[in-house]
Structure formats: structure tokens, C-alpha cells
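Okay, so the sequence shown: first residue is 18 according to this note's numbering, each after it adds one.
Using N, Cα and C, we set each Cβ at its ideal position, and we do this for glycine too.
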Amino acid sequence: MSIVQFFKRFGITTGAAAAAAAKAATVFLLHRVKPSSVTIPTPVGLRLEIPVEQIFVYGDSVCASVRKFSGDNVDVLDGISIVVCVKQRKDDIVNVVGGRGVGIVARSGLQIPVGESAISPTARSMIIEAIREVAKGIGLDVVIEVPNGEEIAKKTLNESLGIVDGISILGTTGIEWPVSAEDDVHRISLEISIVRSRSTVIVLATGNRTFDYASQIYSPEIIVKVGDSVGFAVSEASKAGFSRIVVAIQPSKVLKLSVGIMNTSSRVGDARIEALTHACVAVGLDIDVVKRVSAASSVREALDTIGSSASLVFSYVARKALNHLRRLCSNSTIEILVFSYDGGILARAET
């Protein structure tokens, strides 16, 4: 790997861009100072200094714009402008809503209620926290807009998720990590080797949330984030000689594994709803439930439909996924630990 390849550029999420724009607009509203950049807090404890593109007055509001930067990731949202307008209110509440170009949730099953703006809870909290650094005890109406957001959204997965009329304001960490397929497998291999030097058990987590959930059960020192490269990571861990491999995963990704999709990236393949529909039939759920699951726009929506049968269904899914992963393991036992979206254990399967 060359030195140029090593120093990859990180990016910021739409949530971080909105938080920066909101803070910049608030600074001008309260202090009549136009900052060229602002520093915002993130959920992971890091602080990000983000350039401010423009600050202007619009009626009785102050607005600021920030360009989303995706680093070295291939992202259709790279370079888009996030505009946030703030206006003081009489109480001490900070009310964050989406305006033009920010999507609306049209179907159930997401973290956000139907009819509300597609602003994730973490992004909303990040925006409010950034504002509170310069406006303690002051109430503000905060409106997020994305110029051409309706058109940009057509290039994303929003429509298939049941989000209409714009993009989503998201971000669990505020930071977009630079990932290429080649770089990622090098990193995974290296981290697996490091864990093997101190343990015969390894936990492979498919994301930030599963890492956090698994950390409540296992030492973080034996957990490796593997992202979409689940099959590769399991194979590498088996070759490294681990006696036990635990895959910590959430519903959407384990559904892909259950039909043999070992790289869970949406660019590789997607049969989540089909796999879930099959599982519902296999465990004997009512035909009306099966039909509603097959028509769901997201796994979260389907889970709401399945209700109390979710553990039964995903135990079946986990066993199917386990059968595929076993082919990649020669001398290791393997366990799949399926976490629900709120961090509970939904299902598990083990050889």
C-alpha cells in the first residue's frame, strides 16, 4: 500500500453538516458574527471543525449553508449544500424540522414516525447539542433545507425505504469513514491477526451499533468491525485458527446471509424482504401476515408486522445463515448473534 493510499480522507455526514450550519446561523443570530468555520461535537466524542459556506438573513431568520464532504467515499451526496435557518422563539425549546429537500417518512418501520421529517434521532441530537454550545436556555425554530434535494434523493435508496420528497439527515457518528473494498479487507485481516495474538475467541461486528451491543457481552479487545465483508471475515478468522467465531449482526444483514449473500453491501445484492417472507412461511405464520411482510418497504416495517413472532422467525433466519457460514469454517465453531434495533438479542444460532 502506498503512502497516498494510506492517508485516506474522512468525510462528514449530512447530520454533521446540518449541525455545523445550525451552529453558524445561531452564532450570527445571537452575536452578529459570521464564522468562517465552526466546531461541533459528535456522538463519538470527537470534535469536528467544518467550513461554513455562506451566512445570510432571510426574513426574520438567519440561515447558513455547509457543503457535505464525503472524503474518499463514492457518494451521490458529496458536495451537496445543507442550508439551516434559525429563528428565535419565546420559550427555551429547540425545535428541529425539515424543510424543502428533506424527505418525509411515508411508511412505518423506520426510527422516525410516519409524516415526520427524515432526520434521524442521533442527527437531531447532534444538531441540538451544537446549538446549545452557543445558545444555552434560548429557544429556536430550526429548519433544514437541501437545494435540489428532491432530485438528489432519486439517486438514493430513500424511495425504496418509504421516504419521499427529499434526502435524509443522518449519521450515527457524524463522520464518514473512508472505505474501499481493498483497504477494508486489509484492515480486517490485520485486526483479526491482532485479536488472534491474545485470544482464541473473536467477535465480528457488522457495524457501530452491533459493536456497541456486543461490547456489553464481550471485551471490546476481541471485537472487530467487519462492515459488509462478513463472509471474508469469517473465512479469515477460521484460517487464523480461532476456536470460536461470533458474528454480531442486525436483522437486515442476517437476512442476506440466510440466502448466501456473503457480502451484505447493497451493491452486491439484496433479497432481504424475499428472505424474510420465506422465513415467515417456513415457521408457519398466518398468510395475511406473510402478504403484509412481502409488501413491506423495509425490514423495520416488516418487523412491526411480525410483532411477537420476530424471535421465532429470526431464529430460523439465523440457522439458515449459519448453514452458509459453516462452509467457510473448517475447524472453528461459529455463533450468530442477531441484535434487534434497540439492542436486545433477537435470535441466536450456534454450531
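C-alpha distance - residue i paired with residue j, whole-angstrom precision
i, j, result
"S275", "R317", "17 Å"
"T294", "S87", "35 Å"
"I155", "S357", "37 Å"
"S347", "S255", "7 Å"
"G118", "L94", "13 Å"
"S78", "C102", "6 Å"
"R149", "G32", "16 Å"
"E367", "Y333", "12 Å"
"L329", "A34", "41 Å"
"I99", "R336", "44 Å"
"S134", "S214", "47 Å"
"P268", "L46", "44 Å"
"K153", "T223", "37 Å"
Boundaries of the beta strand (DSSP E) in which residue i is found, first to last residue
i, result
"K337", "That residue, K337, is in no beta strand (DSSP E); its alpha helix (DSSP H) goes A327 to R343."
"G156", "G156 to E162"
"I240", "I240 to K242"
Proximity test, residue i beta-carbon vs the ligand COA heavy atom, cut-off 6 Å
i, result
"I67", "Among the components modelled here there is no ligand, and therefore nothing to report on the ligand COA."
Environment of residue i [buried if 16+ CB atoms lie within 10 Å]
i, result
"Y75", "exposed"
"V21", "For V21, the pLDDT reaches just 38, beneath the cut-off of 50, and the residue's location in the model is therefore unreliable, leaving the point undetermined."
"T30", "buried"
"V61", "exposed"
"D305", "exposed"
"D245", "buried"
Residues that DSSP places opposite residue i in a beta bridge
i, result
"G261", "Rather than Gly, the amino acid found at residue 261 in this sequence is Arg. DSSP lists V218 and T350 as partners of R261."
"F356", "I362"
"E367", "E352"
"G183", "G118"
"I192", "I29"
First through last residue of the alpha helix (DSSP H) which encompasses residue i
i, result
"G224", "Careful: G224 lies outside any alpha helix (DSSP H) and carries neither H nor E."
"I169", "G166 to A170"
"S177", "N175 to L178"
Secondary structure, beta strand (DSSP E): runs of 3+ residues fully inside the region 22-77: 54-58, 64-68 and 71-75
Minimum length 3: unbroken beta strand (DSSP E) runs contained in the region 79-158: 98-106 and 111-115
Continuous alpha helix (DSSP H) assignments of at least 4 residues falling wholly in the region 257-325: 268-275, 289-299, 304-311 and 316-323
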